[in-house]
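Working notes, structure below.
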Amino acid sequence: MKQMNMIQAINSALDLVMDKDPSVIIFGEDVGYFGGVFRCTDGLQAKYGEHRVIDAPIAEGGIIGSAIGIGVNGLRPVVEIQFADYIYPGLDQIISELARLRYRSGGEYFSPVTVRAPCGGGIRGGQTHSQSPEALFTHLSGIKTVMPSTPYDAKGLLISSIESNDPVVFFEPKRIYNGPFDGDPNKPSIPWSKHPGGEVPEDYYSIPLGKATVVEEGDELSIITYGTMVHVAQAAVSNAGISADIIDIRSLVPLDIETLRLSVEKTGRCLIAHEASRFSGFGAELSATVQEECFWHLQAPIERVAGWETPYPHAFEWDYFPGQERIMAGIRKVMEAA
Amino acid sequence: MTPKSRLHIPRPPARPGDAPDFSYLALSQAGAVARPDFTTPAREIENLAHELVRVLDDEGVANGEWDPELSKEQLIEALRLMVLTRQFDDRMQRVQRQGKISFYMQSLGEEAVSIGQGMALESGDMLFPSYRNQGLFILRNTSLVDLMCQCLSNTRDMCKGRQMPIMYHNRQANLFSVSGNLGTQYPQAVGWAMASAIKGEDHISASWVGDGSTAESDFHYALTFAAVYQAPVILNVVNNQWAISTFQGFAGGERRSFAARGLGLGIPGVRVDGNDLLAVYAVTEWAAQRARQGHGPTLIEHVTYRGGAHSTSDDPSRYRPKDEWDAFPLGDPVKRLKQHLVKAGHWSDEQQAELENEMKEVVLDAWKEAVTYGTMTEGPQLDMRIMFDDVYEEMPENLKRQREQLMELRGVKS
Ligand SMILES: Cc1ncc(C[n+]2csc(CCOP(=O)(O)OP(=O)(O)O)c2C)c(N)n1
Ligand SMILES: [Mg+2]
Numbered sequence: 001m002k003q004m005n006m007i008q009a010i011n012s013a014l015d016l017v018m019d020k021d022p023s024v025i026i027f028g029e030d031v032g033y034f035g036g037v038f039r040c041t042d043g044l045q046a047k048y049g050e051h052r053v054i055d056a057p058i059a060e061g062g063i064i065g066s067a068i069g070i071g072v073n074g075l076r077p078v079v080e081i082q083f084a085d086y087i088y089p090g091l092d093q094i095i096s097e098l099a100r101l102r103y104r105s106g107g108e109y110f111s112p113v114t115v116r117a118p119c120g121g122g123i124r125g126g127q128t129h130s131q132s133p134e135a136l137f138t139h140l141s142g143i144k145t146v147m148p149s150t151p152y153d154a155k156g157l158l159i160s161s162i163e164s165n166d167p168v169v170f171f172e173p174k175r176i177y178n179g180p181f182d183g184d185p186n187k188p189s190i191p192w193s194k195h196p197g198g199e200v201p202e203d204y205y206s207i208p209l210g211k212a213t214v215v216e217e218g219d220e221l222s223i224i225t226y227g228t229m230v231h232v233a234q235a236a237v238s239n240a241g242i243s244a245d246i247i248d249i250r251s252l253v254p255l256d257i258e259t260l261r262l263s264v265e266k267t268g269r270c271l272i273a274h275e276a277s278r279f280s281g282f283g284a285e286l287s288a289t290v291q292e293e294c295f296w297h298l299q300a301p302i303e304r305v306a307g308w309e310t311p312y313p314h315a316f317e318w319d320y321f322p323g324q325e326r327i328m329a330g331i332r333k334v335m336e337a338a
Numbered sequence: 001m002t003p004k005s006r007l008h009i010p011r012p013p014a015r016p017g018d019a020p021d022f023s024y025l026a027l028s029q030a031g032a033v034a035r036p037d038f039t040t041p042a043r044e045i046e047n048l049a050h051e052l053v054r055v056l057d058d059e060g061v062a063n064g065e066w067d068p069e070l071s072k073e074q075l076i077e078a079l080r081l082m083v084l085t086r087q088f089d090d091r092m093q094r095v096q097r098q099g100k101i102s103f104y105m106q107s108l109g110e111e112a113v114s115i116g117q118g119m120a121l122e123s124g125d126m127l128f129p130s131y132r133n134q135g136l137f138i139l140r141n142t143s144l145v146d147l148m149c150q151c152l153s154n155t156r157d158m159c160k161g162r163q164m165p166i167m168y169h170n171r172q173a174n175l176f177s178v179s180g181n182l183g184t185q186y187p188q189a190v191g192w193a194m195a196s197a198i199k200g201e202d203h204i205s206a207s208w209v210g211d212g213s214t215a216e217s218d219f220h221y222a223l224t225f226a227a228v229y230q231a232p233v234i235l236n237v238v239n240n241q242w243a244i245s246t247f248q249g250f251a252g253g254e255r256r257s258f259a260a261r262g263l264g265l266g267i268p269g270v271r272v273d274g275n276d277l278l279a280v281y282a283v284t285e286w287a288a289q290r291a292r293q294g295h296g297p298t299l300i301e302h303v304t305y306r307g308g309a310h311s312t313s314d315d316p317s318r319y320r321p322k323d324e325w326d327a328f329p330l331g332d333p334v335k336r337l338k339q340h341l342v343k344a345g346h347w348s349d350e351q352q353a354e355l356e357n358e359m360k361e362v363v364l365d366a367w368k369e370a371v372t373y374g375t376m377t378e379g380p381q382l383d384m385r386i387m388f389d390d391v392y393e394e395m396p397e398n399l400k401r402q403r404e405q406l407m408e409l410r411g412v413k414s
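Going down the list, the sequences are from chains L and H.
For the first sequence, our numbering gives the first residue as 1, with consecutive numbering after it.
For the second sequence, our numbering gives the first residue as 1, with consecutive numbering after it.
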């Protein structure tokens, strides 16, 4: 075991799969010589060469489109989009092509592209460096969507994503690259070395996609969340002094419905939290799923805590971010309901 | 043996520790490129896309047909605006380092592009800047206090706290809202120019992207639409040699100039010494005349150098030689214009030092005023309620509810 932050864990995952499988290549803006603006690919070009860790022109549609072709021709591209906010020029290639290639060719063609993208707010990035666009991708059929909340999960899930023959969009919550974040920007930041999720085996391991993890166990309430919000929910639960299951779904598609069902059947109450805007956010899907699966067990309406339905504002970052106070208000509401 | 294809990976001529090498830059002598009449068809002036229009030579003397023959007053005003832009950048860079603003991007070394072009255009012409065109805002009399308040996200922020620093706009001065997404402004500028032509008006538009951003599809959309409709627009590529850590070869600059990108569509391309204010002015005036009088778009490539880091989040010593700017053959635009003025007997070292001090003071005074309207941590704060305004023209019910929810949480009466 080694202490790693999320950047190092991602780097380690990339290093191991590249070492194991010579068909894996990395492709993206500033990923090569420089090692990426967040340094996730640091040292990899020096180790694997310019033909396997390739700097790309600034054209997300070009990167994803050519990655599809690279993948069709037998290589396994791991694409980095510098910020999730800049994935949109590549959307047509993702939606119309990458997601549907296998289906439209009667199962004959596929391209095992993994698209990595740092997402989420909390770094004073304003509306072009803070977005959480994961829900857009979950609405597509044919693509998997993943978001880890610890270095340990990031490494294991990224390895599975790269090895998956289906395309995967892998979101990395950049606010927790260097340490867990409980939603309070005024507290000094905590490094991953102080968190069990920062203990990461140096060797190869993988975590299957489609398996949620129960981060904390309790019996009064089920909190369903992912990404940075896992840590915020933990802090809120400890402040609220209640006994709650906190479920980190980790993979949005495929979704581990069974774990959600078992938890909500046990607790009878459910709160869903994510950073993205609420309306048509992934919480809507989670809420509908829980309702369908657990309706007769529910003792209160399902509560959703999410970003407001505005773009991500620069000055009001901490008024926008659904922090502990909003989760606690949500907890009160769902607990007080008859 | 038949040779096999091999992936070509563009490599910059120098990395940290190497001696800077600009031998790849094709240069022309100042005054060597002929100035065609502005009505000349694109196909007859393709040379302009490959040569380099220069007016000022290494001694600071103006040469050739492209000399715009600006008055002494115009030259001094251009110098003042460039120095002011540089001083503004310097102050904002420093206050970012002190944690007073969250982020900043300098235009160090590229000041002649914004100032030279802004001066050559009319105030009714619509500008779609990139994030490195602060000079255009300064030139069009956006008050420094307003620019600083935007960077501070304070109570006088024109963006009402919604945008990162430098994402300015100035509607009155016909300066469009700067976008953080690369290249998006390019087709928008073409559309603005199309509307001008549809309405039969005289005004033209202009837009700017970096060398790296030319790879984005929006760049190509813009060229196609501008060519198809012969839109009255000036499209500028500011080739400062770098796009964060990747050099201009990664945007396809290794084999052909960026100015040549328009030729395939019949758009004239002009490659200009972007650090030569006179040449920038002259080329812009020429392109503006073309556009205004119905001869369509022009693509201008400004050859310059990004003198500073990409942004305050960047450390260029990781990917390029520290002394690369010193070796850049086209020098520093401020020094070159100053040298020209001195040579012409209009200016002296003392006056230059005085100007620099004066601009430094102007910037400092503006800063002192700007912080009285609040900073991220001190002084008056924006009312968080305005976060919910302007999403739509009228606030929908869901946002009213969310605003109320937030007020309740914060214990504020709404
Ligand atoms: C669509 C999009 N992709 C990526 C980015 C991240 N990014 C910001 S600036 C930049 C480099 C741009 O280089 P260039 O166009 O040469 O302009 P310069 O910064 O040199 O002025 C990149 C990759 C972005 N802002 N938007
Ligand atoms: Mg550039």
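Even glycine gets a Cβ: it sits at the ideal position worked out from N, Cα and C.
None of the values given here were measured: they were computed from a predicted structure.
DSSP state of residue i mapped onto helix, strand, coil
i	result
residue 9 of chain L	helix
residue 40 of chain L	coil
residue 319 of chain L	helix
residue 239 of chain H	strand
residue 128 of chain L	helix
residue 309 of chain H	coil
residue 208 of chain H	strand
residue 172 of chain L	strand
residue 159 of chain H	coil
residue 372 of chain H	helix
residue 170 of chain H	strand
residue 282 of chain L	helix
residue 211 of chain L	coil
Proximity below 7 Å, CB of residue i to CB of residue j
i	j	result
residue 271 of chain H	residue 52 of chain H	yes
residue 81 of chain L	residue 60 of chain L	yes
residue 211 of chain H	residue 186 of chain H	no
residue 274 of chain H	residue 233 of chain H	no
residue 249 of chain H	residue 10 of chain H	yes
residue 279 of chain L	residue 317 of chain L	no
Any non-hydrogen atom of ligand 2 closer than 6 Å to residue i Cβ
i	result
residue 210 of chain H	yes
residue 240 of chain H	yes
residue 243 of chain H	yes
Own chain, CB closer than 8 Å to residue i, minus 5 neighbours either side, in chain order
i	result
residue 355 of chain H	79, 80 and 83
residue 177 of chain L	5, 6, 7, 38 and 118
Check: residue i C-beta below 6 Å from any heavy atom of ligand 1
i	result
residue 306 of chain H	yes
residue 63 of chain L	no
residue 213 of chain H	yes
residue 344 of chain H	no
residue 181 of chain H	yes
residue 131 of chain L	no
residue 29 of chain L	yes
residue 168 of chain H	no
residue 94 of chain L	no
Own chain, CB closer than 6 Å to residue i, minus 5 neighbours either side, in chain order
i	result
residue 313 of chain L	320
residue 284 of chain H	117 and 120
residue 100 of chain H	375
residue 325 of chain L	none
Other residues of its chain near residue i: CB distance less than 7 Å, five sequence neighbours each side excluded
i	result
residue 300 of chain L	269, 334 and 337
residue 437 of chain H	A question about residue 437 of chain H goes unanswered here, because the residues of chain H that appear run from 1 up to 414.
residue 369 of chain H	145
Minimum Cβ-Cβ distance from residue i to chain B less than 7 Å
i	result
residue 14 of chain H	The structure shown contains no chain B; its protein chains are L and H.
Using a Cβ cut-off of 8 Å, which residues of the stretch 218-240 of chain H contact any Cβ in chain L, in chain order?
Closer than 8 Å at the C-beta level to chain L, one finds these residues of the stretch 218-240 of chain H: 218.
Name the residues in the stretch 307-329 of chain L whose C-beta lies less than 8 Å from a C-beta of chain H; which are they?
Answer set for the stretch 307-329 of chain L: 308, 309, 310, 311, 313, 314, 315, 316, 319, 320, 325, 326 and 329.
Selection of the stretch 91-108 of chain H by Cβ proximity to chain L, strictly under 8 Å
Taking 8 Å as the Cβ-Cβ cut-off against chain L, the residues of the stretch 91-108 of chain H that qualify are 102 and 103.
For the stretch 315-333 of chain H, enumerate the residues whose C-beta is nearer than 9 Å to any C-beta of chain L, in chain order.
Going along the stretch 315-333 of chain H in chain order, one finds 318 and 319 with a Cβ nearer than 9 Å to chain L.
By the 7 Å beta-carbon criterion, what residues does the stretch 369-402 of chain H contribute toward chain L?
Going along the stretch 369-402 of chain H in chain order, one finds 382, 384, 387, 388, 391, 398, 399 and 402 with a Cβ nearer than 7 Å to chain L.
Near-chain H residues of the stretch 124-137 of chain L - C-beta to any C-beta below 8 Å
Taking 8 Å as the Cβ-Cβ cut-off against chain H, the residues of the stretch 124-137 of chain L that qualify are 124, 125, 126, 127, 128 and 129.
What are the residues in the stretch 56-78 of chain L lying within 9 Å of chain H by C-beta distance?
For the stretch 56-78 of chain L, the residues whose beta carbon sits under 9 Å from a beta carbon of chain H are, in order, 56, 57, 58, 59, 60, 61 and 62.
Name the residues in the stretch 237-264 of chain H whose C-beta lies less than 8 Å from a C-beta of chain L; which are they?
Listed by position, the residues of the stretch 237-264 of chain H near chain L (Cβ gap below 8 Å) are 243, 244, 245, 246, 250, 251 and 252.
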